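For the sequence shown, counting from 1, position 114 maps to 177 in the working numbering; every step adds exactly one.
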Amino acid sequence: MLPKRDSKLSGALLGLTVADALGVPVEFRSRAALDADPVTEMRGYGTYNQPPGTWSDDSTMTWCTVESLTLRPACDTEDMAERFVRWMTRGYMTPHGELFDIGNATREALERYRTEAVWAKFAGLTREQSNGNGSLMRILPMAFYTRGMEVGERDRLAAEVSSITHRHPRSILACLIYVEIALRLLDGLPAAEAYRLGIAAIEERYAEHEERWAFERVLNGGLADLRREDIRSSGYVVDTLEAALWCLLTTGSYREAALKAVNLGEDTDTTGAVVGGLAGILYGEAGIPEEWLSRIAKLDELRTLCEQWEAVLEKRA
């Protein structure tokens, strides 16, 4: 096994993957059921009958994005979409060679891309009801890729990557908020300060955005003051963003943040993945419990891809 590294990049990507895997066996379980039988360790089987350490579509699509950004000379949404289609049709970049979980909007968008000769950045759905969390869950690599870019270019690229599957302005704005907060964590700020400055930057650019109203609880700065019963953990993109940020802001370690997210119930793997990526930046790979990390499927392959992408980013810097 490759040694653990103190890297924000490996912390983020492996942090996302580990928390995703924590949530896979209990996806769709209710909060009440998890209150009675909370997740405290890396389980297996359950919802999808997968062994412990199995990650889902959240991680697969994130790693496909990382691989594309590593191998292509620029942010290539066509290449990303091709990798997503390979995953959907052939189980590419999965823990065990098979697809076992895919969102409806994601499947529909990728089928459009595959069969209708549409550009990848226009494949995503724009219906109001197509605001699931399927682009938010995979947008984290764009924080690393766009770091140091002019904000307009950063937002444009993140929006195009979201739009491969989710092109509604609400889904895109959720991704931009998440990337902005992730960037502040990459600067070494504590969670509360990263959140405060991240949302301030979004307000400066998007105060008049048509979908700003949907993010009132995020952008008013008071998420950490909400009670658990105020937090929803469905697959709706706003719920996922709120839940993930709330878990990050109200805990003091990677372990606490990941378990708090998963034990909210419902869309456990994605809520876990979205907070896990941020917590991985904040606490580093060293903050991820070894007993969880060591059980992750294809861990050495994932670590190698982290190192390859980090080398590419360092050359570009």
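C-beta atoms are modelled at their ideal positions from N, C-alpha and C, and glycine is treated no differently.
Treat the numbers as computed from the prediction; the structure is a model and nothing was measured.
- Going by beta carbons, ILE227 and THR140 fall inside the 7 Å limit.
- Taken through DSSP and simplified to helix, strand or coil, GLY284 comes out as coil.
- Residue pairing by DSSP places GLN113 opposite TYR108 in a beta bridge.
- A straight-line Cα-Cα distance of about 19 Å links MET151 and ASN112.
- Straight through space, the alpha carbons of TRP372 and GLY166 are spaced by roughly 27 Å.
- If only uninterrupted alpha helix (DSSP H) runs of at least 4 residues are considered, those enclosed by the region 137-186 are 140-153, 167-178.
- In the structure shown, the three-state DSSP call for LEU77 is helix.
- Contact check for ALA257 and ARG247: beta-carbon distance about 3 Å, within the 8 Å limit, so the pair qualifies.
- Contact check for SER297 against LEU327 fails: the beta carbons are separated by 7 Å or more.
- Here GLY86 really is in contact with GLY335; their C-beta atoms are around 4 Å apart, less than 8 Å.
- A distance below 7 Å between beta-carbons, with the five flanking residues on each side excluded, links THR80 to the following residues of its chain, in chain order: TRP118, SER122, ILE359, LEU365.
- Judged by DSSP secondary structure, PRO232 falls within the alpha helix (DSSP H) whose first and last residues are 232-249.
- Buried is the label assigned to ALA342, since at least 16 other Cβ atoms lie within 10 Å of its Cβ.
- Residue pairing by DSSP places TYR299 opposite GLY195 in a beta bridge.
- Its chain contains ILE240, ILE262, LEU304, GLU305, LEU308 as the residues whose beta carbon lies nearer than 7 Å to that of VAL281, once the 5 sequence neighbours on both sides are disregarded; these appear in chain order.
- Residue nearest to ALA287 within the set ALA320, THR178, ASP120 is ALA320 (criterion: CA-CA distance).
- Comparing alpha carbon positions, the residue from ALA95, THR110, PRO88, GLY284 closest to GLU104 is PRO88.
- For the options ILE344, VAL224, ALA349, the alpha carbon positioned closest to that of ALA144 is the one of VAL224.
- Contact between the region 153-171 and the region 203-217 is absent: fewer than three C-beta pairs spanning the two stretches fall below 8 Å.
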